[in-house]
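For my numbering, add 269 to where a residue sits in the sequence shown, where the first one is 1.
Glycine is no exception: its CB is placed at the ideal position from the N, C-alpha and C atoms.
Working notes, beginning with the structure itself.
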Amino acid sequence: MLSKTIRRPALQRAWLVAGVALLAPELVAQSPDSTQAGAQPVGAVRELEAITVTAERPRSAAPPVTTIEIPAAVLRRTLAADAYDLLRRTSGIEVHQQGQGPGFASDAVIRGFSSDHSSDVLVVMDGVPLNLPVHGHVEGYSDWSILSPPAISSLRVITGPASPLYGDFSLAGVVEVFTASDATHTAASVTGSSFGDAGGWIRTGNRREGSGFLAAAEGRRQQGWRDNSAYWLGNGLVRGWRKVGTGRLEGGLALYGSSWNSPGFVSVSSFNDDALTQATDPTDGGSAYRGIAHGRFTTVSGETGIEATTWLQRIHSGVYLTIPHDGLLEQSDEQDRRTALGGRFQVSEPLGGGDLSAGIDGRADFASYNLYHTERRSRLDPTKRLDARYLGGGAFLRWRTLLGSNVALDLGARADAAHYRSLDRLAGGVWRSSTSVLLSPKLGARYLIGGGWSLLSSVSRGFRGAPGVVAEPTLEPIQGWSKEIGARYDGSTVTAQLALFRLDVSHERIQDPVTREVLPTGESARQGINLEAEVRLTSKLKLTADGTINDAKVKGEPSEPANPLVVPELAVGIGGKPIRPSFHIEPLEPGDPVPNVARWIGRLGLEGALDRRLTTRGQIRFSGPYTPIGEPGVETRSYAVLDLGTSIDVPALGAVIDLELQNVLDAKYPELRASGFINPGAPRTLRAALHFANDR
Numbered sequence: 270m271l272s273k274t275i276r277r278p279a280l281q282r283a284w285l286v287a288g289v290a291l292l293a294p295e296l297v298a299q300s301p302d303s304t305q306a307g308a309q310p311v312g313a314v315r316e317l318e319a320i321t322v323t324a325e326r327p328r329s330a331a332p333p334v335t336t337i338e339i340p341a342a343v344l345r346r347t348l349a350a351d352a353y354d355l356l357r358r359t360s361g362i363e364v365h366q367q368g369q370g371p372g373f374a375s376d377a378v379i380r381g382f383s384s385d386h387s388s389d390v391l392v393v394m395d396g397v398p399l400n401l402p403v404h405g406h407v408e409g410y411s412d413w414s415i416l417s418p419p420a421i422s423s424l425r426v427i428t429g430p431a432s433p434l435y436g437d438f439s440l441a442g443v444v445e446v447f448t449a450s451d452a453t454h455t456a457a458s459v460t461g462s463s464f465g466d467a468g469g470w471i472r473t474g475n476r477r478e479g480s481g482f483l484a485a486a487e488g489r490r491q492q493g494w495r496d497n498s499a500y501w502l503g504n505g506l507v508r509g510w511r512k513v514g515t516g517r518l519e520g521g522l523a524l525y526g527s528s529w530n531s532p533g534f535v536s537v538s539s540f541n542d543d544a545l546t547q548a549t550d551p552t553d554g555g556s557a558y559r560g561i562a563h564g565r566f567t568t569v570s571g572e573t574g575i576e577a578t579t580w581l582q583r584i585h586s587g588v589y590l591t592i593p594h595d596g597l598l599e600q601s602d603e604q605d606r607r608t609a610l611g612g613r614f615q616v617s618e619p620l621g622g623g624d625l626s627a628g629i630d631g632r633a634d635f636a637s638y639n640l641y642h643t644e645r646r647s648r649l650d651p652t653k654r655l656d657a658r659y660l661g662g663g664a665f666l667r668w669r670t671l672l673g674s675n676v677a678l679d680l681g682a683r684a685d686a687a688h689y690r691s692l693d694r695l696a697g698g699v700w701r702s703s704t705s706v707l708l709s710p711k712l713g714a715r716y717l718i719g720g721g722w723s724l725l726s727s728v729s730r731g732f733r734g735a736p737g738v739v740a741e742p743t744l745e746p747i748q749g750w751s752k753e754i755g756a757r758y759d760g761s762t763v764t765a766q767l768a769l770f771r772l773d774v775s776h777e778r779i780q781d782p783v784t785r786e787v788l789p790t791g792e793s794a795r796q797g798i799n800l801e802a803e804v805r806l807t808s809k810l811k812l813t814a815d816g817t818i819n820d821a822k823v824k825g826e827p828s829e830p831a832n833p834l835v836v837p838e839l840a841v842g843i844g845g846k847p848i849r850p851s852f853h854i855e856p857l858e859p860g861d862p863v864p865n866v867a868r869w870i871g872r873l874g875l876e877g878a879l880d881r882r883l884t885t886r887g888q889i890r891f892s893g894p895y896t897p898i899g900e901p902g903v904e905t906r907s908y909a910v911l912d913l914g915t916s917i918d919v920p921a922l923g924a925v926i927d928l929e930l931q932n933v934l935d936a937k938y939p940e941l942r943a944s945g946f947i948n949p950g951a952p953r954t955l956r957a958a959l960h961f962a963n964d965r
């Protein structure tokens, strides 16, 4: 592994102080020794010796806003159904599960954004963006299934568009994922559930003085609790690094594949009658494949740090899905094939007592999208045939510094250009194109009061590509100004942060997650309160809590007229049984709630170590009511889901057993509801895992 002894001249020491000041609360909160006897007091000062760096170059610091850090050990021990469930259980992100298979992206909801198919949340893995900027289903479509717990070394959730490192699709927030570049031993895990699900993973590698590698594989076979819901999924990752002169060269290849059956949605009436397991069409399902190759070179020359990253993706997905269309249930075949490539170049240098970073990034996508009207997977006629191109590039600047001894500033800006080209092959048209240029300032500050208290504030602008731009390149990007103020306390037994936020959005277009109809909304405002807290009751007992109160309202006139669905009569499903159709999509008026956004969400957890070999935990997740899109005047019921778990260390096997009973009270709740259809949440489920060579 790269080893370099760093001496600290005056300028470099100032850079270090600024970085530590910006991150001080996070570092204190994560320190495992902060409550142990003999630990340094929070405000203690001691002389720093020369540092010998034996790990990867540190990742860029998060901006001074609400940020959630999730240790890799927590991700590996969490018993989740899929990647979306994993993030929901560990980060508190609200997830509306689509329930149509692992390769059919679900909705990640952050601070008032319904994020259809996770399109408002930028996900980057090792610096590679997973969102798809042109897609026939929805722009920003993001399949998280390639996120494999055994390979993840760190995961961070940044709320809002505060970071200048990211542009398109970071409107609601950013999920940063980094995989480990090497491993020192072999570890493995096998899992199962009471519904016949089974899976496992293995990770191995090697670390030397000047190089290292990691290889990880994950496989999963899920039977599911609903009819026609079985699937398989596989992930593989190979990564390595080598010292090259004074720098470090690293790279890897990630492969993901899945094939699934889809149970479809149930009508509201079926949900109310407890008829939850039947499938809409037993021929629904799909498959998805993705390969990502990436490489990165980092070096430090004097006080200047240089980082260059390049990546290549190849993606293919195919989905057979029954959806409401003009009041009737019809199956469609959706095929997407694409190649994408991109990169980033960044230079960092101490300047003016702080840290200045500047860089450029960009990507190019070459996509082909075909949509067919089908019946039991037999193609009847094409409904869409689109070729799309996307060229996006940005330049960013960030300066972090310390003013005096109490104020830490994080100032930055981005300039982005997005060029769209589209060809409608079905209509026999010509290539159409359009370019948008956007400037996004990012301003943040943290005031260190003392005694563990600090105040923070942030003002930033962000954007995302508009739904439908794959066929209509002239649509303006959705844009928003985000404002946040808050207070944080870091004590020996309590860590807490309270934040007030508001995001004003313009040129908004909301897509129905069931019918795929797009509703031009115009302007909206999302505001609310967010609270995160951790209380270390004793050395062996910890209480955690987080929650968000949302007030998301339409505040302006729609930018274009809505195109309501026509519902002539009840649709007829398989066997001649009437199925409740979609509702009319009616224009949203100023003052109407933004659909699919719960008024409040939260988690409350308790974890304790009964002895050194046994820990127990419990968590209750709750969600408030929301208005489904396509159902004006309707409001869902609030619900809560209780999970109980335990971990047992078995030294004789060199293993840890994890057991978790999920949805203990067997609560019935909707994962997603829109236009009169529901994806029901999973009932009571027992999950178990056996981890070998445990390194958690």
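query                                                                                                      : result
Span of the alpha helix (DSSP H) around F540                                                               : V537 to N541
G354 - DSSP class collapsed to helix/strand/coil                                                           : With the sequence shown as reference, residue 354 is identified as Asp, and Gly is not the correct amino acid for it. Residue state, collapsed to three classes: helix.
Helix, strand or coil at I584 according to DSSP, with G and I counted as helix                             : strand
Whole-angstrom distance between D880 and P398, CA atom to CA atom                                          : 42 Å
Sub-9 Å separation of R607 and F566 beta-carbons                                                           : no
C-alpha gap between L883 and T915, whole angstroms                                                         : 7 Å
As assigned by DSSP and simplified to three states, the class of R890                                      : strand
Exposure of Q766, with buried meaning 16 or more beta-carbon neighbours within 10 Å                        : buried
Neighbourhood of G564 by C-beta, 6 Å cutoff - its chain only, sequence neighbours within 5 removed         : G520 and T579
Limits of the alpha helix (DSSP H) - the one that V343 falls within                                        : A341 to R346
Inside the stretch 545 to 609 only - alpha helix (DSSP H) runs reaching at least 4 residues                : none
Whole-number beta carbon distance between A485 and S417, since they are thought to touch under 8 Å         : 7 Å
Beta-carbon gap between D912 and G887 smaller than 9 Å                                                     : yes
N865, buried or exposed, once every other Cβ within 10 Å from all chains shown has been counted against 16 : buried
Under the three-state DSSP convention, the category S359 falls into                                        : This sequence places Thr at residue 359; Ser is not what is there. In the structure shown, T359 sits in a helix (DSSP, three-state: H, G or I).
Integer-rounded CB distance, given that G555 should sit under 8 Å from G370                                : 6 Å
Segment contact flag, the stretch 543 to 550 with the stretch 516 to 534, C-beta cutoff 8 Å, min 3 pairs   : yes
Sequence-distant residues of its chain with Cβ nearer than 6 Å to V569 (five each side left out)           : none
CB of L812 within 9 Å of CB of E801, strictly                                                              : no
Which residues DSSP lists as bridging G526, in chain order                                                 : G503 and Y558
Three-pair Cβ contact test at 8 Å for the stretch 779 to 787 versus the stretch 574 to 590                 : no
Coarse secondary structure for A420, derived from DSSP in three states                                     : helix
Among A577, G574, H585 and S539, the one whose alpha carbon lies nearest that of G560                      : H585
Member of L506, A714, T552 and T453 whose CA lies at the smallest distance from the CA of S432             : A714
P949 - partner residues in DSSP beta bridges                                                               : P939
Inter-stretch contact at 8 Å, needing at least 3 Cβ pairs: the stretch 440 to 449 / the stretch 684 to 704 : no
Under 9 Å between C-beta atoms of L717 and A768                                                            : no
Separation of G571 from V286, as counted between CA atoms                                                  : Unreliable positioning characterises V286 in this predicted model, as indicated by a pLDDT of 39, which lies under 50. A coordinate reading is not provided.
Coarse secondary structure for A313, derived from DSSP in three states                                     : Any reading at A313 must be qualified, since the residue scores a pLDDT of 36, below 50, and its modelled position is unreliable; the value itself is stated next. A313 falls in the coil class under three-state DSSP.
Identified DSSP bridge partners for A684                                                                   : A664 and L708
Same chain, Cβ closer than 6 Å to I427, five either side skipped, listed in chain order                    : A331, T336, G442 and V443
DSSP three-state assignment for W700, whether helix, strand or coil                                        : coil
Buried versus exposed, by CB contacts within 10 Å (16 or more), R872                                       : buried
Nearest-angstrom Cα separation, counted from I379 out to Q796                                              : 11 Å
C-beta atoms of G461 and A951 nearer than 9 Å                                                              : no
Rounded straight-line distance, which links the Cα of R906 to that of P939                                 : 9 Å
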